[in-house]
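Written out below as structure tokens is the structure these notes cover.
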Amino acid sequence: MGKSDAASQSLLDDHDHDHDYDHDHEHEEEQKPKSFLEKMMWTCGCKKPMSEYMKPDTTLVLGLMVAVVIVGTANRVLFRKMLYPMANYAFFTNQLTSFIYIPVFWPVVWTLMWAGKITKEMREFPWWKFVVMGMLDSLAGLLMTFGGAHTNGSMQLLLSQAAIPFTMAFSIVVSLDSLQFIFKRAMIVRYKWNHYTGAVIIISGIFVSLYAQLFIETSSGGNQTVSGLIIYFMGSIPTAFSGVYKEIGFKGADLEVNYLNAWVAFWQFVIGMLFLPVTTFQSFGGLPFDSIPGNLWDGARCFMGFNSLPTDDCEGAGVAVMSYLVANIFYNVVILAMIKYGSAALLYVASALILPLADLCFTQSWIMGPYAQSLSIFDVIGLIVIILGLVIYRFLGGKESPADEEDGVEGENKPETDNEGEDEIEDVPIISFPISEVRSIRRRKNVRREHAPRDVGTVRNTYLARLGFKETPNNARAFVEKV
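Counted the way this note's numbering counts, the sequence shown spans residues 373 to 855.
Following this line, the structure appears as structure tokens:
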């Protein structure tokens with residue numbers, strides 16, 4: 373075979389590759405959704421035909437979606453129910469719900485260490501980053517527990533969405549060129565129109581609900597106060613900054629998820645004890661400093677069902693706290709399973725459904741008992757506006773994340789791959805306590821080249837290299853001439 377024949381064959385191969393692409397493109401056009409349900413699922417990133425979702429593996433994912441909705445709703449509702457009997461002991465409740473994860477994660481970590489799953493490199497990860505993370509999560513938990521004790525359930529649902537625009541704001545600040553001498557281009561985000569639009573709509577919905585609660589008399593029931601609303605709202609600030617810091621602090625790190633969460637839980641509890649003096653502030657209880665130890669002891673008594681103060685109603689407090697903790701742990705489990713077996717798009721769909729379902733539960737006396745609340749027209753409007761903002765933020769404007777394809781790393785700052793493999797972006801879930809949210813960081817996981825996605829040219833060059841040819845543009849021609 374001559375050189376002209378080899379060149380012709382190369383052009384034919386390229387034509388076949390283009391033909392395959394056109395065929396795939398036509399196939400994708402044929403698969404476009406027709407029914408309203410298929411169009412909604414297509415928008416959310418679920419582009420398979422409906423028949424595909426009836427297979428065993430997709431049935432598992434759909435089952436996990438249902439579990440996320442049900443358990444996530446229970447988690448939200450039980451968090452509020454827990455704070456009713458423990459309202460006078462918010463600090464004790466916050467520390468208890470942080471401490472409970474230490475005996476949950478550390479036995480798993482020790483088992484993994486014994487099995488050699490946690491490497492020396494993982495154990496050498498800078499410990500101070502865990503401390504910073506624990507501090508931020510501890511502050512967020514403290515604000516949300518103190519504020520949540522005096523904020524009705526429906527307002528908790530709405531105010532917690534403020535973490536989204538706050539996260540955007542912190543991400544943009546971190547991405548500023550003027551601050552790259554500090555952050556070393558560790559996080560470069562590029563938000564799209566749907567992110568900005570969704571964030572503005574979410575803020576508008578929160579403003580509508582807050583305005584009604586602060587300036588208009590509404591009969592929402594419960595023990596809601598203005599200071600409780602403000603404190604709970606402020607909890608979104610360290611929550612958002614914690615998410616951004618985790619993105620920066622763990623960028624490029626290869627850490628076992630249980631090891632990571634165990635250290636975060638430990639430092640959250642330890643640093644949380646340092647916040648004990650805030651209970652002397654009027655909005656956080658206004659306790660005399662010498663009464664703080666007694667308040668912790670009374671909190672333990674309330675957990676056991678014994679009243680210590682005239683305003684206590686501790687009957688069933690222990691059951692309420694333990695029910696929340698069980699729901700919280702199970703909620704984290706099903707979310708981790710959803711991340712592993714499903715997708716982020718489906719997780720966002722399930723999470724969006726929790727808002728209206730939990731809001732409905734807060735109005736039911738058979739669920740909330742004497743603490744059932746009535747929804748005002750402003751609560752309903754705020755909920756609808758925020759859900760609209762979430763849909764625009766999560767599902768419109770394309771499938772790409774706010775960061776670019778290289779996870780916010782550009783040019784010479786991209787990490788280099790070695791000869792043995794290449795980098796793959798992987799979502800690593802990090803659990804925040806006790807605010808019942810799972811946030812993901814992006815890490816680079818080294819993948820052996822033969823297991824990494826490869827195009828036709830890469831496969832051909834690898835094969836020719838094994839036969840003794842160098843990787844050059846003339847590989848195919850040289851191979852044909854040798855044959």
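Heads up, the beta-carbon is just placed ideally off N, CA and C, and yes, glycines get one too.
Exercise. Val642 to Pro742, Cα distance in whole Å?
Worked result: The straight-line gap separating the alpha-carbon atoms of Val642 and Pro742 is approximately 36 Å.
Exercise. Exposed or buried, Ile756, counting other C-beta atoms within 10 Å across all chains shown (16 or more means buried)?
Worked result: Residue burial annotation: Ile756 is exposed, with fewer than 16 other C-beta atoms found within 10 angstroms of its C-beta.
Problem set entry | N-terminal and C-terminal residue of the alpha helix (DSSP H) that His567 is part of | Segment 565–587, the alpha helix (DSSP H) holding His567.
For this session: Quick one: residues in its chain with C-beta nearer than 6 Å to the C-beta of Ile599, no 5 flanking neighbours on either side, listed in chain order?
Result: The amino acid occupying residue 599 in the given sequence is Ser; Ile does not appear at that position. Ser655, listed in sequence order.
For this session: Could you tell me which residues DSSP puts in a beta bridge with Val752?
Result: Residue pairing from DSSP leaves Val752 without any beta-bridge partner.
For this session: Select from Phe464, Ile442, Met437 the residue whose C-alpha is nearest the C-alpha of Val693.
Result: The candidate whose alpha carbon is nearest that of Val693 is Phe464.
Problem set entry | Beta carbon of Val449 nearer than 8 Å to that of Ala730 | Taking C-beta atoms as the reference points, Val449 and Ala730 count as a pair closer than 8 Å.
Exercise. Does the distance from the CB of Ala625 to the CB of Val481 come in under 8 Å?
Worked result: No. Outside cutoff.
Problem set entry | Where the alpha helix (DSSP H) through Asp509 begins and ends | Counting along the chain, the alpha helix (DSSP H) containing Asp509 begins and ends at 499–520.
Problem set entry | Meets three-Cβ-pair contact criterion under 8 Å: the segment 450–457 and the segment 598–615 | Flag = no, the segment 450–457 and the segment 598–615 do not touch.
Problem set entry | Per-residue DSSP class, three states only, for Met426 | Caution applies to Met426, whose pLDDT of 45 falls short of 50 and renders its modelled position unreliable; the model cannot decide the point.
For this session: Report yes or no: do the segment 514–532 and the segment 562–581 share at least 3 C-beta pairs separated by less than 8 Å?
Result: Contact between the segment 514–532 and the segment 562–581 is present, because at least three Cβ pairs lie under 8 Å.
For this session: Over the uninterrupted alpha helix (DSSP H) stretch that includes Met458, give me the two end residues.
Result: That residue, Met458, is in no alpha helix (DSSP H); it is neither H nor E in DSSP.
Problem set entry | At least 3 beta-carbon pairs within less than 8 Å: the segment 711–718 vs the segment 432–451 | Three or more Cβ pairs closer than 8 Å define a contact, and the segment 711–718 meets that threshold against the segment 432–451.
For this session: Would you check if the segment 538–550 and the segment 503–523 touch, i.e. whether three or more CB-CB distances between them fall below 8 Å?
Result: No: the two stretches stay apart, fewer than three of their Cβ pairs being nearer than 8 Å.
Problem set entry | Under 8 Å between C-beta atoms of Ser470 and Gly513 | Remark: C-beta atoms of Ser470 and Gly513 approach each other more closely than 8 Å.
Problem set entry | Whole-number beta carbon distance between Phe477 and Ala637, since they are thought to touch under 8 Å | Confirmed, Cβ separation roughly 6 Å.
Exercise. My guess is that Thr523 and Tyr604 are in contact by the Cβ rule of under 8 Å, so how many angstroms apart are they, rounded?
Worked result: With a Cβ gap of about 5 Å, Thr523 and Tyr604 count as contacting.
For this session: Using a threshold of 8 Å, state whether the C-beta atoms of Thr652 and Leu659 are closer than that.
Result: Taking C-beta atoms as the reference points, Thr652 and Leu659 count as a pair closer than 8 Å.
Exercise. What residues in its chain sit with their C-beta under 6 Å from that of Gly525, if we drop five residues either side in the sequence?
Worked result: Counting only Cβ-Cβ distances below 6 Å, and skipping sequence neighbours, we find Arg452, Phe734.
For this session: For Ala724, collect the residues of the same chain with a Cβ closer than 6 Å to its Cβ; drop the 5 residues on either side in sequence, then sort them by chain order.
Result: Here the set comprises Leu762.
For this session: Leaving aside the five residues before and after Gln467 along the sequence, list all residues of the same chain whose C-beta is less than 8 Å from its C-beta, in chain order.
Result: Cβ within range, chain order: Phe641, Gly644, Met645.
Problem set entry | Cut-off 7 Å between Cβ atoms - residues of its own chain near Tyr713, not counting five sequence neighbours on either side | Cβ within range, chain order: Leu432, Val433, Leu436.
Problem set entry | Alpha carbon of Ala699 to alpha carbon of Val706, nearest angstrom | Val706 has its alpha-carbon roughly 10 Å from the corresponding atom of Ala699.
For this session: Using beta-carbon positions only, say whether Ile764 and Ile490 come within less than 8 Å of one another.
Result: In this structure, Ile490 does not lie closer than 8 Å to Ile764 by Cβ.
Exercise. What residue does the alpha helix (DSSP H) around Asn630 start on, and which one ends it?
Worked result: For Asn630, the uninterrupted alpha helix (DSSP H) segment begins and ends at 629–646.
Exercise. Where do the ends of the alpha helix (DSSP H) carrying Thr539 lie?
Worked result: Here the alpha helix (DSSP H) through Thr539 covers 535–547.
For this session: Round the Cβ separation of Ser547 and Ile536 to the nearest angstrom and send it over; I've been treating them as touching at under 8 Å.
Result: The beta-carbon separation of Ser547 and Ile536, rounded to 17 Å, does not stay under the 8 Å limit for a contact.
Exercise. CA-CA distance, Gly657 and Asn460?
Worked result: Whole-angstrom Cα-Cα distance: 8 Å.
Exercise. Of all the options Thr430, Ala446, Gly488, Thr445, which has the alpha carbon lying nearest to the alpha carbon of Tyr631?
Worked result: Of the candidates Thr430, Ala446, Gly488, Thr445, Gly488 places its Cα closest to the Cα of Tyr631.
Exercise. For Ala462, which of Arg766, Thr483, Asn667 has the nearest alpha-carbon?
Worked result: Ranking the options by Cα distance to Ala462, first place goes to Asn667.
Exercise. To the nearest angstrom, how far is it from the Cα of Val545 to the Cα of Glu619?
Worked result: Separation of Val545 and Glu619 (C-alpha to C-alpha, rounded to the nearest whole angstrom) is 14 Å.
Exercise. So, using beta-carbon positions, are Ile753 and Pro728 closer together than 8 Å?
Worked result: Not closer than 8 Å, so no.
For this session: Within its chain, find whatever has a CB closer than 7 Å to the CB of Leu697; leave out the 5 residues flanking it on each side and keep chain order.
Result: These residues qualify, in order along the chain: Thr469, Ile472.
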